[in-house]
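Enquirer: Quick one: structure below, then a few questions.
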Amino acid sequence: MHIRALSIALLLLVSLAVPWSVRAKDAPVSQPIVENHDGVPGVWLDGPDGFDIAAKMHLETGKPLLVYVYTDWCPYCRKLNREILPHPEIQQCLSGFSRVKINAEEDPRARELAHQLRISGYPTLLVRQKGDLMMRPFPTIVKPERFLAACRQEQGRTR
């Protein structure tokens, strides 16, 4: 009887360990902090791991959290990366945010995170101030001046 209980416990332990070892082996290795990666200018945290770090920084520092969800094929994402985000004033303003970019189609975890954030189109920028219950949309397809004004408005809310 004792041997049977040990056998069941061992079988249970092995069955729990196998999925974790497969996931660890197959999981893509990503850097959570990237600069000028995937055409996104500036320094951003990256992917689901970066999201976890940015959310923690947001709670610890009080900086607003900015989440940029994009795909490689999206022409509007490329336009945002090329025409709005590179502006020095915008880069300066964004430095006051805990920011993360997520390629929604990069891997299953990124797809799941985009689903949890209720992303329905690309690009999507979401912002959350400390104390907010939910994330709010942030303008994406606008002129740089409008984007900068929205950025400064969010910065003003943190003070």
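Numbering (this note's numbering), first residue to last: 2 to 160. Glycine included, each C-beta is placed from N, C-alpha and C at the ideal position.
Relative to the C-alpha of aspartate 108, which residue among Asp50, Leu127 and Glu84 is closest?
Expert: For the purposes of this step, residue 108 is identified with residue 107 of the sequence shown, where counting begins at 1. Per the Cα distances, Asp50.
Enquirer: Using beta-carbon positions only, say whether proline 65 and glutamate 155 come within less than 7 Å of one another.
Expert: Counted from its first residue, the sequence shown places residue 65 at position 64. Counted from its first residue, the sequence shown places residue 155 at position 154. Yes. Within cutoff.
Enquirer: Where glutamine 93 and arginine 153 are concerned, what is the direct C-alpha to C-alpha distance, given to the nearest angstrom?
Expert: Walking along the sequence shown from the start, residue 93 turns up at place 92. Walking along the sequence shown from the start, residue 153 turns up at place 152. Those two C-alpha atoms are separated by around 10 Å.
Enquirer: Check each candidate in Val128, Tyr71 and Asp73 and name the one with the smallest Cα separation from alanine 55.
Expert: Position 54 of the sequence shown, counting from 1, holds the residue named residue 55. Checking every option, the nearest Cα to that of alanine 55 belongs to Val128.
Enquirer: Apart from the five residues on each side of it in sequence, which residues of its chain come closer than 8 Å, Cβ to Cβ, to aspartate 133?
Expert: Within the sequence shown, the letter at position 132 stands for residue 133. Excluding positions up to five away in sequence, the list is empty.
Enquirer: Going by Cα to Cα distance, which pick from Glu113, Asn104 and Glu61 is closest to valine 70?
Expert: If you number the sequence shown from 1, residue 70 lands on position 69. Out of Glu113, Asn104 and Glu61, Asn104 has the C-alpha closest to the C-alpha of valine 70.
Enquirer: Taking buried to mean at least 16 other C-beta atoms within 10 Å of its own C-beta, is aspartate 47 buried or exposed?
Expert: Along the sequence shown, one-based indexing puts residue 47 at 46. Buried, by the Cβ-count rule.
Enquirer: Determine the direct distance from the alpha carbon of leucine 149 to that of glutamate 90, and round the result to whole angstroms.
Expert: Taking the first residue of the sequence shown as 1, we reach residue 90 at position 89. Taking the first residue of the sequence shown as 1, we reach residue 149 at position 148. Near 7 Å, if we compare the C-alpha coordinates of leucine 149 and glutamate 90.
Enquirer: Taking Cβ positions, are methionine 58 and serine 96 nearer each other than 7 Å?
Expert: For this step, residue 58 is matched to residue 57 along the sequence shown. For this step, residue 96 is matched to residue 95 along the sequence shown. The Cβ-Cβ distance between methionine 58 and serine 96 does not fall below 7 Å.
Enquirer: Drop a sphere of 10 angstroms on the beta-carbon of isoleucine 142, count the other beta-carbons inside from all chains shown, and report buried for 16 or more, exposed for fewer.
Expert: Stepping through the sequence shown from its first residue, residue 142 is reached at position 141. So isoleucine 142 ends up on the exposed side.
Enquirer: Any idea if threonine 62 is buried or exposed, counting beta-carbon neighbours within 10 angstroms, 16 or more meaning buried?
Expert: Here residue 62 is taken as the residue at index 61 of the sequence shown, counted from 1. So threonine 62 ends up on the exposed side.
Enquirer: Three-state secondary structure (DSSP) at lysine 102?
Expert: Taking the first residue of the sequence shown as 1, we reach residue 102 at position 101. In this structure, lysine 102 counts as strand in the three-state DSSP scheme.
Enquirer: Kindly indicate which residue of Val44, Leu118 and Glu106 has the alpha-carbon position closest to the one of tryptophan 74.
Expert: As a working note, residue 74 is residue 73 in the sequence shown. For the residues Val44, Leu118 and Glu106, the minimum Cα distance to tryptophan 74 belongs to Glu106.
Enquirer: Fully enclosed by the stretch 105-149, which beta strand (DSSP E) runs are 3 residues long or longer?
Expert: Taking only runs of at least 3 residues, the beta strand (DSSP E) segments lying wholly in the stretch 105-149 are 125-129 and 137-139.
Enquirer: By Cβ distance below 6 Å, which residues in the same chain neighbour threonine 72 in space, the five residues on each side in sequence not counted?
Expert: Against the sequence shown, residue 72 aligns to sequence position 71. For threonine 72, where only same-chain residues beyond five positions count, the Cβ hits under 6 Å are Ala105, Glu106 and Tyr123.
Enquirer: I'd like to confirm the pairing. Which residues does DSSP put opposite tryptophan 74 in its beta bridges?
Expert: By 1-based counting over the sequence shown, the position of residue 74 is 73. In the DSSP output, where bridge partners are listed per residue, tryptophan 74 has none listed.
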